[in-house]
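Chemist: FYI, the numbering for the sequence shown is 438 to 698, going by the numbering used here. From the three backbone atoms N, C-alpha and C, an ideal C-beta is built for every residue, glycine too. Before we start, here is the structure in question, set down as structure tokens.
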Amino acid sequence: MAIRAVGFDFGETLATYRDAPLNWASLYRPALERVAAALGAHPTEAEYHDADSVLRRYNTRLNPRTTEVTADEIFRTILTGWSDAGLGDVQTAVSAFFVFFQQSLAVYPDTLATLAALRERGFRIGVLTDVPYGMPRSFVDNDLRETGILSFVDVMLTSVDVGWRKPSPEGFRHLAAALDVRVDEMIYLGNELKDIAGANAAPMVSVLVDRGGARTEQTAGQLPKPHAVVAQTSELLRLPILPDRAHSPSQKPVGITREQV
């Protein structure tokens, strides 16, 4: 196995939304009120309830799916049910909704140093992230830019870009192709089992980022199995599965097994 590239999940792997839970359902009402204010709309309680139901339908924490939808589709459905909002307001609604959740973004302390070290060692770097509610790519681009991550990333793909959500392996294969490497020439780090399942199926070398230590205990004995578990991304740099330098296509592959990590 000749490792030439490293891929990452984004949220809760490289950065965190400090005040936003993984399941946004508890924040639907204030987010929808922000949308209404941006539109100058005044939804009734029944219309808020219907909008909440639409969001829950597309909430992958409640209703997992592997195929992706767009935010435009979701908010066209919501605005169709608001009597004083029009479909011409979709982009304004989408922007107001996601800006509400972007306010608490923070990069993890070890992220930038880890990416810089990987770049110095010659590895290509990619990000593959599932976005909530079909969030437009521009919001992820902005998050990467604001955190300083973007300057280290060669390729960024979202689930909307590829049309598939994890644990489907398709996004991982798209990422490898975009980085111009084979899937078995990549390591992928993520904080959820769907990251590990998708990477294994691609197949890539999978690394679970378990910052709190609880996930390893909770998932003990469960599949899928990562090739390695780290408490923070910087620990990747010391794993035996990562060579000192990125392998070039002309180099002889080095065999790696799970027992080596």
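1. Can you tell me whether His-611 is buried or exposed? The criterion is at least 16 other CB atoms within 10 Å of its CB, across all chains shown.
2. Gly-525 by DSSP, collapsed to three states: which one?
3. Would you mind giving the Cβ-Cβ distance between Arg-634 and Pro-677, rounded to the nearest angstrom? I have them listed as a contact below 8 Å.
4. Going by beta carbon distance, what residues of the same chain come within less than 6 Å of Glu-654, once the five residues before and after it are set aside?
5. Within its chain, find whatever has a CB closer than 8 Å to the CB of Leu-459; leave out the 5 residues flanking it on each side and keep chain order.
6. Using the three-state DSSP reduction, which class does Val-599 fall into: helix, strand or coil?
7. Among Val-590, Leu-626, Ser-605, Pro-604, which one has its Cα closest to the Cα of Thr-615?
8. Could you name each continuous alpha helix (DSSP H) segment of 4 residues or more that falls completely within the segment 550-589, going from the start of the chain to the end?
9. Mapping DSSP to helix, strand and coil, what is Val-491?
10. Just mark Thr-504 as buried or exposed, buried being the case when its beta carbon has 16 or more other beta carbons within 10 Å.
11. Which residues mark the beginning and the end of the alpha helix (DSSP H) in which Phe-512 is found?
12. What do you get for Leu-524, buried or exposed, if any count of 16 or more other CB atoms within 10 angstroms of its CB means buried?
13. What residue range is occupied by the uninterrupted beta strand (DSSP E) comprising Leu-676?
14. Taking three-plus beta-carbon pairs below 8 Å as touching, is the segment 460-467 in contact with the segment 634-648?
Modeler: So, to answer that:
1. What you label residue 611 is simply residue 174 of the sequence shown in a count that begins at 1. The residue is buried, with at least 16 neighbouring Cβ atoms inside 10 Å.
2. Along the sequence shown, read from residue 1 onward, the residue named residue 525 stands at position 88. Reduced to three states, the DSSP call for Gly-525 is helix.
3. To locate residue 634, count along the sequence shown from 1; it is residue 197. To locate residue 677, count along the sequence shown from 1; it is residue 240. For the record, residue 634 in the displayed sequence is Ala; it is not Arg. Ala-634 to Pro-677, Cβ: 23 Å. No contact.
4. Taking the first residue of the sequence shown as 1, we reach residue 654 at position 217. Model confidence at Glu-654 stands at a pLDDT of 46, short of 50, so the residue's coordinates are unreliable and nothing is read from them.
5. Within the sequence shown, residue 459 is the residue found at index 22, counting from 1. So the list reads Glu-449, Arg-498, once near-sequence residues are dropped.
6. Here residue 599 corresponds to residue number 162 of the sequence shown, with the count starting at 1. Here Val-599 sits in helix by DSSP.
7. Here residue 615 is taken as the residue at index 178 of the sequence shown, counted from 1. It is worth fixing the name first, because residue 615 is Ala in this sequence and not Thr. With distances taken between Cα atoms, Ala-615 lies closest to Val-590.
8. 574-584
9. Counting from 1 along the sequence shown, the entry for residue 491 is found at position 54. Correct three-state label for Val-491: helix.
10. One-based indexing of the sequence shown puts residue 504 at position 67. By the neighbour-count rule (16 or more Cβ atoms within 10 Å), Thr-504 is not buried but exposed.
11. Here the question's residue 512 lines up with position 75 in the sequence shown. Run containing Phe-512: 508-517, per the alpha helix (DSSP H) assignment.
12. Numbered from its first residue, the sequence shown carries residue 524 at position 87. By the 10 Å Cβ count, Leu-524 comes out exposed.
13. Here residue 676 is taken as the residue at index 239 of the sequence shown, counted from 1. Where Leu-676 is concerned, there is no enclosing beta strand (DSSP E), given that its DSSP letter is neither H nor E.
14. no
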